[in-house]
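What follows is one structure encoded as structure tokens, with my remarks underneath.
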Amino acid sequence: MSSLSAKIQDVFNEPACERNRGKDAKARKEGCSKPLTPGAAAGGCAFDGAKIVLQPITDVAHLVHAPLACEGNSWDNRGAASSGATLWRTSFTTDLTELDVVMGQGERKLFKAIREIKEAYAPPAIFVYSTCVTALIGDDIEAVCKRAGEKFGLAVVPVNAPGLAGSKNLGNKLAAEALLDHVIGTVEPDDAGPYDINILGEFNLSGEFWMVKPLLDRLGIRVRACIPGDARYLDVASAHRARAAMLVCSTALINLARKMEERWDIPFFEGSFYGITDTSEALRNIAELLVRKGADPEILNRTQTLIAVEEAIAWRKLEAYRRRLQGKRVLLNTGGVKSWSIVHALMEIGMEIVGTSVKKSTVEDKERINQILKDDNHMFEQMAARDLYAMLSEHKADIMLSGGRTQFIALKAKTPWLDINQERQHPYAGYDGIVELVRQIDLAIHNPIWSQVREPAPWDCQPAVVDEPPGTKSETATLHTVQEFTATMADDFGEC
Ligand code: SF4
């Protein structure tokens, strides 16, 4: 644990993080988020965070050294997509039992599991995750991985981020440290070129990076490694030969970008592929960084031309929705997705933002939202479920964009809802992605179900006054069948 403590302190002391720079040494040591109680469900544990970052590396076997439940808790909880390899979706765990713990069999079982995976699947690498139980019993996964790697002649990477170490976000960063310590820089590519870039913190959710990659291909820019979305082990291992990098999710992987810049002189910028303006800006920044690192300046003109063509196409497609969505009010409760990018994108087509959560936003993110909205009253750190419900049921928003956890609040308030978090079904990145997002919003808002569910229920309607003398049939008849009951209801109630 002592090396883990040192690693955690190193991660907490992130100089590239502006918020961190503003803290004194003592506050910095305590980290950004309060560590969770191990096993607490809210937000996930450090192991969960490490698994989120590494599991999308698709040709690797991910072996969880733990009792069974840890793997069940973390397996494939993001909608990342693969263009080929499928091994990442096979679940591997040492499935430690109480007997293994009591008899001290953990390390032996781990070694055996590594051998079994090697023989059955022959992957290019096996990532071994420590967890609360195996950290507490003191299993030395680094030593086992080293020994197994030497014996079996393959990369066996220890990921030292047990759940008890802290929050999910800390786990994201410890996963990056595992890549820096054991993977990146271990393979020398024979085809490095002046147009090679890395994309960091891009998870390829619903395959959305595939909406962007063709644009880079057309510019002659090669993605040496997209970490982690749809990544292959050898691409990650040779990522140190890229000339520039774009950091998509800084909250998760800023330490990876900063350390790659320091170790291998790979400059990076933080950007986003959500929305027309941000996609164009990202392409421009990539081209500029490559030119700074020696690429032919002619790429700047090519990039400008491509941006002009693609923007025109996207705007033409969006025009069809502008009339239908202009002035519609959106409530964003996004959590992980960069809310400033989405805010910007929706305002580009004339929608009104009535509120956006900034709980996980960085200081810079908040500053950007402030600039876009020109009013920080629309930002909220966190909104209780009852406040969300009140806002939606009072029709202060026409649609809520959020993650699955809050969907039922919207549905209960009879308000359209669209999933834009990690479990989303549709890709929203790049020029085509924003068109898809707007199309999905239009479908959700104009779905005819809403006018139907908003109609008052029959039992909430006033019964019509029936002017009949006592003793007539309608007062005394006994109802025998559903048809009779329904027919009588229809007769008895007035217009709803
Ligand atoms: S690593 Fe610890 S906190 Fe995380 S799922 Fe396993 S037991 Fe729970």
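The letter at position 416 of the sequence shown is residue 416 when you use full-length UniProt numbering, and the numbering goes up by one with no holes.
We put the beta carbon where it would ideally sit given N, CA and C, even for glycine.
Note that the coordinates shown come from a computational prediction; the quantities given were computed from them, not determined experimentally.
Secondary structure of residue 319 (DSSP, three-state): helix. Excluding sequence positions up to five before and after residue 220, its CB lies within less than 6 Å of the CB of 195, all in the same chain and listed in chain order. For a cut-off of 8 Å, the C-beta gap from residue 420 to residue 334 is around 6 Å, short enough to register as a contact. Short note on residue 163: C-beta closer than 6 Å to some heavy atom of the ligand SF4. Note: residue 356 is bridge-paired with 332, 379 in the DSSP secondary-structure output.
Annotated as distal: residue 104 and residue 96, with beta-carbon spacing of 7 Å or more.
Residue nearest to residue 81 within the set 257, 59, 237 is 59 (criterion: CA-CA distance). Taking the Cα of residue 348 as reference, the smallest distance to any Cα among 316, 367, 365 is reached at 316. Linking residue 190 to residue 200 through their CA atoms gives a straight-line distance of about 22 Å. Within 6 Å of the C-beta of residue 131 there is at least one heavy atom belonging to the ligand SF4. For residue 306, the closest of 217, 394, 326 by C-alpha to C-alpha distance is 217. Of the residues assessed, residue 177 falls on the buried side of the cut-off, its CB having 16 or more other CB atoms within 10 angstroms.
Judged by the Cβ position, residue 12 fails to qualify as a neighbour of the ligand SF4 at the 6 Å threshold, every heavy atom of the ligand being at least this far. Listed in chain order, the non-local C-beta contacts of residue 185 below 6 Å within the same chain comprise 240, local neighbours out to five positions each way being set aside. A contact is defined here as three or more CB-CB pairs under 8 Å, and the stretch 201-209 meets this definition with respect to the stretch 422-430. Non-local C-beta neighbours of residue 121 in its own chain, meaning closer than 7 Å and more than five positions away in sequence, comprise 61, 87, ordered along the chain. Residue environment analysis places residue 395 among the exposed positions, since fewer than 16 neighbouring C-beta atoms fall within 10 angstroms of its C-beta. With a cut-off of 6 Å, the C-beta of residue 226 is classified as distant from the ligand SF4, since no heavy atom of the ligand falls inside that distance. A check of alpha carbon separations from residue 331 across 409, 246, 44 identifies 409 as the nearest. Per DSSP, residue 78 is not a residue of any alpha helix (DSSP H), being assigned neither H nor E. For residue 222, the uninterrupted beta strand (DSSP E) segment begins and ends at 222-228. A residue is called buried once 16 or more other Cβ atoms fall within 10 Å of its Cβ, and residue 453, having fewer, is exposed.
Relative to the ligand SF4, the nearest heavy atom lies less than 6 Å away from the CB of residue 47.
Shown here for residue 8: same chain residues with a beta carbon closer than 8 Å to its own, the five before and five after excluded, namely 31, 165, 166, 170, 174 in chain order.
A direct Cα-Cα distance of roughly 10 Å separates residue 181 from residue 158. The three-state reading of DSSP puts residue 201 in strand, counting E and B together.
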